[in-house]
Every structure is written in structure tokens, then in C-alpha cells.
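Participant: Structure provided below as C-alpha cells; questions to follow.
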Amino acid sequence: MTEIDLLITGALVVTMDQRQPVIEHGAVAVNDGRIVAVGNREAISPRYAARRTIDARRKAVMPGLVDTHHHLMQNFHKGTRDDLALLNWIDTVSVPRIRVAVQDYLRGNYAIQLHASRLGCADAIRSGITTILNMEWATHPSVVDVFEQAGLRVVHTLTMSDQWIAPEVLLPHDRLIALADQLLERCRASERVSFRYGIACPNSASVGLIQEVRALADRNGVPIHIHIAETKYEWDNIHNLFGKSPTRHLYDLGLLGPDVLGAHCIWISDEDIELLRATGTKVAHNPECN
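The sequence shown begins at 8 in the working numbering and counts up by one.
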């Protein structure tokens with residue numbers, strides 16, 4: 008018998024393999040953090056001597072879920088003013104929280120953001136999520152330690168903005184770029200956490216910042232995450248300023264591409280969809296949000 012760290016037996020195993028998508032009374036063998044065998048319990052169990060065995064009868068074992076757009080610090084806001092439309096919610100709930108986070112960051116106090124991130128990681132694990140794309144403001148590089156301690160895979164995105172949002176929630180430009188550099192360096196030293204440049208939305212970033220983020224991404228080989236056409240307000244605002252949709256605005260500035268993940272993408276036309284397709288831009292669609 009081969010010694011292994013963990014043997015899960017008796018579960019309904021969802022393999023995501025078309026050749027054998029579901030195994031009833033299945034077993035999963037794990038050693039040194041890797042799955043070494045999957046199959047029927049009668050076939051797998053006799054082959055291994057496990058240091059730990061989990062009886063998973065009446066349970067399902069499946070690959071971890073991937074959350075492609077999350078704001079971990081919003082975990083402290085659950086159930087807070089769910090009666091509000093998004094823009095009112097942002098003004099009433101989100102901006103005050105962001106203001107505190109940014110001011111705390113500038114003072115060197117990272118407790119709130121770290122505790123909120125821990126809570127978010129715990130909630131994710133309880134929900135079967137093993138990978139998160141997190142998008143946050145002014146997060147100190149020590150947040151990467153939280154992700155590593157939780158054992159999750161995280162794509163951490165720094166939100167970069169220079170307009171529209173209340174001035175007190177904006178980092179000075181030099182501090183913003185320096186923080187992006189620090190997060191990139193810390194994430195590159197991690198086995199589980201990677202980094203993306205982020206833009207809150209097209210109307211929260213000047214033309215200059217959008218082009219700068221594109222240049223930074225190209226220079227450092229780092230992808231981009233951005234909310235696109237999340238609200239009718241955003242669409243109207245960009246159209247009034249530039250005479251085009253948010254998607255077309257980003258396309259014309261050269262931001263879109265296969266290394267870009269757009270969140271929400273609700274208020275988009277057939278032409279916008281074609282622009283996303285032509286550039287290979289990825290979408291984390293959220294049709295229920297706005």
C-alpha cells in the first residue's frame with residue numbers, strides 16, 4: 008500500500024470529466040497537496056494507507072469554485088441598505104467605507120482591511136470557493152499574507168482611479184503607482200497570489216490614467232481588471248462626455264485586449280459585444296446586479 012496524506016471515501020465525486028462526470032461511492036486520494044487518484048471507493052481505498060481518512064458519505068466532492076469578481080472588504084456590508092439602488096448605495100455605504108480604508112492606509116493602519124479580507128476568505132472557503140479575483144482600494148501588501156494563510160488562490164487587483172470618486176478616497180498619484188509596484192513585487196513572490204492592475208470604471212479614470220494602466224500592464228506583463236458598463240449612469244456619463252459607449256471608449260483608448268477581464272458588462276450593445284469579441288476581452292458577467 009502507498010502512504011498518502013488524505014483519503015476521502017464514500018462521496019459522490021463530481022469529476023468535471025466528460026468520460027466519467029460523476030462517481031457514486033467514490034474516493035479521492037491526496038498526497039503532498041496534490042490529488043493522486045480518483046475513482047470508485049472499492050478500487051481506490053485498498054491501494055492507500057492514509058494518515059487521515061474522511062468518511063464523506065452523503066456528501067459531494069467536486070473541484071473548487073472560482074469567483075471571478077469580488078470585493079472582500081465589502082463583507083462588512085452584508086445586509087446594509089439593500090433597499091438602495093447601486094449609485095445611492097455607493098454614496099451611502101461604499102464610499103464611506105472606501106474613505107476609511109484609504110485614510111487608514113495613509114496612516115499605516117491596515118487592521119480593518121485585513122480583518123475584512125480574512126472574513127471574506129473564510130466565507131469563500133465555506134462556500135466551496137478556492138479561487139477569487141479580488142478588487143480593492145489602497146490595500147497594503149500584507150493582505151497577501153492573509154490570502155496565503157487562508158490557502159486560497161487569489162488574483163488581487165488594485166483599484167486605480169483619479170476622478171469622479173470623492174477626492175478623499177483617491178490616493179495621490181505617486182502613492183498609487185508606488186503601491187501598485189509594491190503589490191506586484193509581493194505577489195510575484197507568492198505561489199498562490201497574483202496581481203492585476205485595476206480601474207474602477209471608465210468614468211472614474213481619466214484618459215491619461217487609462218492609457219498609463221495599459222502601458223504599465225504591457226511593460227510588466229500584468230493583466231487588467233475593470234468594471235465595464237455596470238450601470239446606466241456610467242453609460243450616460245461616458246456618452247455625454249465622449250459621444251460613445253463605455254466599451255467603445257475603452258476600445259478607442261487601446262485598453263481592451265485578451266489580458267483584460269471586464270466585470271458586469273450589462274449595458275452593452277451588439278456593437279460593444281463585437282468589440283469585446285474582436286479584442287479577446289474576457290467578461291465576468293453579472294446579470295442580476297444592476
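Cβ atoms here follow ideal geometry from the backbone N, Cα and C, with glycine treated the same way.
What you are looking at is a predicted structure, and each value in this text was computed from that prediction instead of being measured.
(1) Does DSSP classify V151 as helix, strand or coil?
(2) Starting from K289, trace the beta strand (DSSP E) both ways and give me its first and last residue.
(3) May I ask you to verify whether the segment 154-174 touches the segment 112-130, counting CB pairs closer than 8 Å and requiring at least 3?
(4) Could you give the first and the last residue of the continuous beta strand (DSSP E) run that contains E10?
(5) Can you give the Cα-Cα distance for G115 and V176, rounded to whole angstroms?
(6) Only counting the same chain, and skipping five residues up and downstream in sequence, which positions put a Cβ closer than 6 Å to that of I136?
(7) On the criterion of 16 or more Cβ atoms from any shown chain inside 10 Å, does M80 qualify as buried, or is it exposed?
(8) Can the beta-carbon of G33 be found less than 9 Å from the beta-carbon of D12?
(9) Is it true that the CB of V45 sits closer than 9 Å to the CB of P14?
(10) List the DSSP bridge partners of S201.
(11) Short of 6 Å in beta carbon distance, which residues of its chain neighbour H77, apart from the five on each side in sequence? Order them along the chain.
(12) Do you know offhand how far A145's Cα is from V100's?
(13) Kindly identify the DSSP beta-bridge partner or partners of A56.
(14) Comparing the CB of D39 with every heavy atom of the ligand COA, is any distance shorter than 8 Å?
(15) Check whether the Cβ atoms of G269 and A285 lie closer than 9 Å to each other.
(16) Beta-carbon separation of R54 and T9 under 9 Å?
(17) Going residue by residue through the segment 61-86, where are the continuous alpha helix (DSSP H) segments of at least 4 residues, counting only ones entirely within it?
(18) Who pairs with V45 in a beta bridge, going by DSSP?
(19) Rounded to a whole number of angstroms, what is the C-alpha to C-alpha distance between D277 and V43?
(20) Got a sec, what are the start and stop residues for the beta strand (DSSP E) E237 sits in?
(21) Distance check for A236 and C208, CA to CA, integer angstroms please.
(22) Determine the closest residue to A118 out of S149, G17, H180, W242, with distance taken between C-alpha atoms.
(23) Pick out the complete beta strand (DSSP E) segments inside the segment 213-237, 3 residues or longer, and give them in chain order.
(24) Quick check: what's the CA-CA separation for R64 versus A224?
(25) Which residues does DSSP list as the beta-bridge partners of N141?
(26) Report the residue from M167, A56, E31 whose alpha carbon sits nearest the alpha carbon of M69.
(27) What did DSSP end up calling A196 once you bin it into helix, strand or coil?
(28) Quick one: is I119 near chain D, going by C-beta distance under 9 Å?
(29) Hey, L121 and E143: beta-carbon distance below 9 Å or not?
Facilitator: Per the coordinate set shown:
(1) helix
(2) K289: member of the beta strand (DSSP E) spanning 289-292, first to last residue.
(3) A contact exists between the segment 154-174 and the segment 112-130.
(4) In this chain, the beta strand (DSSP E) harbouring E10 covers 9-21.
(5) 15 Å
(6) L72, D74
(7) buried
(8) One thing to note: G33 has its Cβ no nearer than 9 Å to the Cβ of D12.
(9) Here residue 14 turns out to be Leu, not Pro, going by the sequence shown. No, the Cβ-Cβ distance between L14 and V45 is not below 9 Å.
(10) V162
(11) I139, N141
(12) Going by the C-alpha atoms only, they are around 17 Å apart.
(13) E10
(14) Here there are no bound small molecules, and the ligand COA is not part of this structure.
(15) no
(16) yes
(17) none
(18) Residue pairing for V45: DSSP places it in a beta bridge opposite V35.
(19) 46 Å
(20) Note, E237: premise wrong, no beta strand (DSSP E); not H, not E.
(21) Taking the straight line joining both Cα atoms gives about 8 Å.
(22) For the residues S149, G17, H180, W242, the minimum Cα distance to A118 belongs to S149.
(23) 231-235
(24) Taking the straight line from one Cα to the other gives about 47 Å.
(25) According to DSSP, which records beta bridges pairwise, N141 is partnered with H77, H163.
(26) E31
(27) coil
(28) Considering every chain present, this structure includes no chain D. It has just one protein chain.
(29) no
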